[in-house]
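The structure appears below as structure tokens.
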Amino acid sequence: MGDNPNNTTSMIRLENVTKYYKTFPAVNNVSLEIARGEVFGFIGPNGAGKTTTIKMLATLMLPSDGRLSIGGYDIVSEPHEVRRIIGYMPDSFGVYEDLLVWEYLDYFASLYKVDPARRGRAISDVLELTDLAIKRDSQVMSLSRGMKQRLCLAKTLIHDPEVLLLDEPASGLDPHARIEIRELIRELCRMGKTVLVSSHILTELADFCTSIGIIEAGCLLASGRIDDITHQLAGHVMLEITVKGDPGPCVDALSERADIERVTCDGRAIRAEYTGDANEVDELLEYLIRGGARVLSFTRSEADLEDIFLKVTRGVVA
Amino acid sequence: MNISNPILIKEMRTRMRGRRSFLVLTGYVLVLSLILGLVYLVLSNNAPTSVVSSAGRYLTPVLIFVQMGLICLIAPTFSASAISSEREQETFDLLVVSLARPSTIVFGKVGASLSYLLLTLFGSLPLIALTWSLGGVALGDVAIAYLVMLVAGVTYCSMSFMWSTLVRRGVFAQLLSLFTVIFLVAAMPALAMFFTALASNFSGGPSQGFINVVYLLMRTNPFAAIAYLLFGLPMPQGVWMEKVPIWITQVIFYLGLTALSLFFSLRRLERVRKWL
Ligand SMILES: Nc1ncnc2c1ncn2[C@@H]1O[C@H](COP(=O)(O)OP(=O)(O)OP(=O)(O)O)[C@@H](O)[C@H]1O
Ligand SMILES: [Mg+2]
């Protein structure tokens, strides 16, 4: 694992994990390691197997094969120890509508055996953290969807777990609320927690994850620290080209070349992946102009996460 | 049972606060009072004064039987949706990943139903005090009748809890619980009666073993237990456990059922990862 070869610091560990639903492999031979303090983005399109993996980690489901452990505790044989150190937020979750907000949190605090003397403090803290302090005495029923989501996150934090498993914590939220959740996860990261957060929107995770894993159809396609993964694609230069008039001929011309790997065009801008020598890219521009293209702009950028995602998932972005 | 059980506390908060528990309790006491009032009216208008003056002898059994019937109807609904409803409102996962042990869940949920059952039984105490003051029935017998009702309620609650761990849909759990109770209180006597009718056709009368079985079946029935207690059912000579009051064996049988139901519920919850 990148600059962290010492395995003892890995907090979450999956070894050849497979999960079958009947005969359908929802998770297929996935191996993964997440170091302590890492914010791990688990990315994949719908039906990729993210929820299935997280549910196994959350001790809600048994793997068909393979081993999973969190903090050194085995998921299958030591679920109680695992539960003590994890906070799990499901993708579809319910709240007890007929409780008050503080009662809801008090319920989970006592389920997690938070010391009664410290319970009031713990409730205030998580309410503060999730920005729900003013709703303390409201009925859960009266909260908006986004507030319920934050309440569920608050309950996930109530026993101060070391590891957080958040399954699409921002789904169904408005842009503003999404940013708030993102800030919250950053805050948790600063508090030194290990976070596994899933999403099918890569850009949602890109700017605060320290490592990512990309899963599709049950298979882990790539995983590691973000810089490592971008490094794997280093040498590959992403080009963004705009031309005057119809971009079609230009796209065709690019596709003919052996050193161009993927060409996409969204009307005006053409994006292409150049596998040749980065210092020879001027030759490509010359080639295009010779071909009659009226190039308006020609910029190169390092491959970012979006490119990696598109590359490894063969363009299946949900 | 641990009073600081978080699930019990939460259930109390939600159950007792809502209007529903208030309505159920009020309805329960109202139905009992109405039936009592009707029986008393009929008695005082038609029966000779000697009967009316000892109306307690009739009213107390009526009250207890009606109450036993109501318990058969409402106790199975108390915890039949305990687990199913958590699954339906998607809170069950949250409960399972918490540090709650299966025993915490079982005793919290069943305990909450029991407190509800106790509430309804207590609600009828003023009425029974009234009819008992009219005389005719010993206080000890009334107490035992309440014990029989309580144990029956506990059993039905436990059985319906077991169904709620087995069936995904709350409605089905409710139905299954009700069917189980109907089977226990109605099908067994029906079977006993059927056998008795059959036996009357036997040449030379029913064999002793046959009578034994019929009376054993009767010993599983709380209504028979109460009837034996308040009126004294005739027991044939030489039948098994001739001298043992029916209510004792019935209560033991029901406690056994309760233990079995709770045991299976615990087992099921311990293996939650296999069926979630
Ligand atoms: N209970 C189940 N029974 C049978 N198949 C299931 C079950 N749950 C999930 N699956 C299948 O397993 C695969 C992975 O599902 P999973 O929920 O893990 O995907 P996901 O990555 O979380 O997708 P999403 O982004 O939609 O949440 C899907 O093909 C799905 O159809
Ligand atoms: Mg999912």
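Protein chains in written order, with my numbering: chain A, 1 to 318; chain B, 1 to 276.
Just so you know, even glycine gets a beta-carbon here, dropped at the ideal spot from N, CA and C.
Residue i - DSSP class collapsed to helix/strand/coil
i: residue 213 of chain A; result: strand
i: residue 139 of chain A; result: strand
i: residue 193 of chain A; result: coil
i: residue 43 of chain A; result: strand
i: residue 183 of chain A; result: helix
i: residue 16 of chain A; result: strand
i: residue 278 of chain B; result: One cannot answer for residue 278 of chain B here, as it falls past the ends of chain B, which runs 1 to 276.
i: residue 21 of chain A; result: strand
i: residue 61 of chain A; result: coil
i: residue 316 of chain A; result: Only weak support is given to the placement of residue 316 of chain A: the predicted model assigns it a pLDDT of 42, under 50, and the value that follows is read from those uncertain coordinates. Looking at residue 316 of chain A - three-state DSSP - the assignment turns out to be coil, as it is neither helix nor strand.
i: residue 4 of chain B; result: coil
i: residue 149 of chain B; result: helix
i: residue 134 of chain B; result: coil
i: residue 201 of chain A; result: coil
i: residue 47 of chain B; result: coil
i: residue 94 of chain B; result: helix
i: residue 78 of chain B; result: helix
i: residue 75 of chain A; result: coil
i: residue 216 of chain B; result: helix
i: residue 260 of chain B; result: helix
i: residue 224 of chain A; result: strand
i: residue 221 of chain B; result: coil
beta-carbon residue i near ligand 2 non-hydrogen atom, thresh 8 angstroms
i: residue 50 of chain A; result: yes
i: residue 168 of chain A; result: yes
i: residue 93 of chain B; result: no
i: residue 198 of chain A; result: yes
Contact test: residue i Cβ vs ligand 1 heavy atom, cutoff 8 angstroms
i: residue 29 of chain A; result: no
i: residue 274 of chain B; result: no
i: residue 26 of chain A; result: yes
i: residue 155 of chain A; result: no
i: residue 21 of chain A; result: yes
i: residue 226 of chain B; result: no
i: residue 46 of chain A; result: yes
i: residue 91 of chain A; result: yes
i: residue 18 of chain A; result: no
i: residue 215 of chain A; result: yes
i: residue 218 of chain A; result: yes
i: residue 53 of chain A; result: yes
Nearest-angstrom Cβ-Cβ length linking residue i and residue j, presumed shorter than 8 angstroms
i: residue 63 of chain B; j: residue 36 of chain B; result: 6 angstroms
i: residue 208 of chain A; j: residue 17 of chain A; result: With a Cβ gap of about 26 angstroms, residue 208 of chain A and residue 17 of chain A do not count as contacting.
i: residue 263 of chain A; j: residue 272 of chain A; result: 5 angstroms
i: residue 30 of chain A; j: residue 53 of chain A; result: 7 angstroms
i: residue 221 of chain B; j: residue 239 of chain B; result: Not a contact, Cβ separation roughly 15 angstroms.
i: residue 298 of chain A; j: residue 214 of chain A; result: Their Cβ separation, rounded to whole angstroms, is 29 angstroms, which puts residue 298 of chain A and residue 214 of chain A out of contact at 8 angstroms.
i: residue 121 of chain B; j: residue 146 of chain B; result: 7 angstroms
i: residue 32 of chain A; j: residue 220 of chain A; result: 6 angstroms
i: residue 42 of chain A; j: residue 202 of chain A; result: The Cβ separation is near 11 angstroms, so there is no contact.
Beta-carbon spacing of residue i, residue j below 9 angstroms
i: residue 66 of chain B; j: residue 117 of chain B; result: no
i: residue 152 of chain B; j: residue 75 of chain B; result: yes
i: residue 105 of chain B; j: residue 269 of chain B; result: yes
i: residue 222 of chain A; j: residue 250 of chain A; result: no
i: residue 164 of chain A; j: residue 194 of chain A; result: yes
i: residue 184 of chain B; j: residue 173 of chain B; result: no
i: residue 260 of chain A; j: residue 296 of chain A; result: no
i: residue 199 of chain A; j: residue 170 of chain A; result: yes
i: residue 140 of chain A; j: residue 166 of chain A; result: no
Handout entry: Meets three-Cβ-pair contact criterion under 8 angstroms: the segment 81-100 of chain B and the segment 97-115 of chain A
Key = yes
Practice task
For the segment 79-94 of chain A and the segment 51-58 of chain A, state whether three or more C-beta atom pairs, one from each stretch, are separated by less than 8 angstroms.
Solution key: yes
Practice task
For the segment 59-78 of chain A and the segment 133-152 of chain A, state whether three or more C-beta atom pairs, one from each stretch, are separated by less than 8 angstroms.
Solution key: no
Exercise for the section: Check whether the segment 25-34 of chain B touches the segment 123-131 of chain A, taking contact to mean three or more Cβ pairs, one atom from each stretch, closer than 8 angstroms. Expected result: no
Practice task
Say whether the segment 156-166 of chain A touches the segment 109-126 of chain A, bearing in mind that this needs 3 or more beta-carbon pairs closer than 8 angstroms, one atom from each stretch.
Solution key: yes
Practice task
Answer yes if the segment 12-19 of chain B comes into contact with the segment 90-100 of chain A, meaning at least three C-beta pairs across the two stretches below 8 angstroms, and no otherwise.
Solution key: yes
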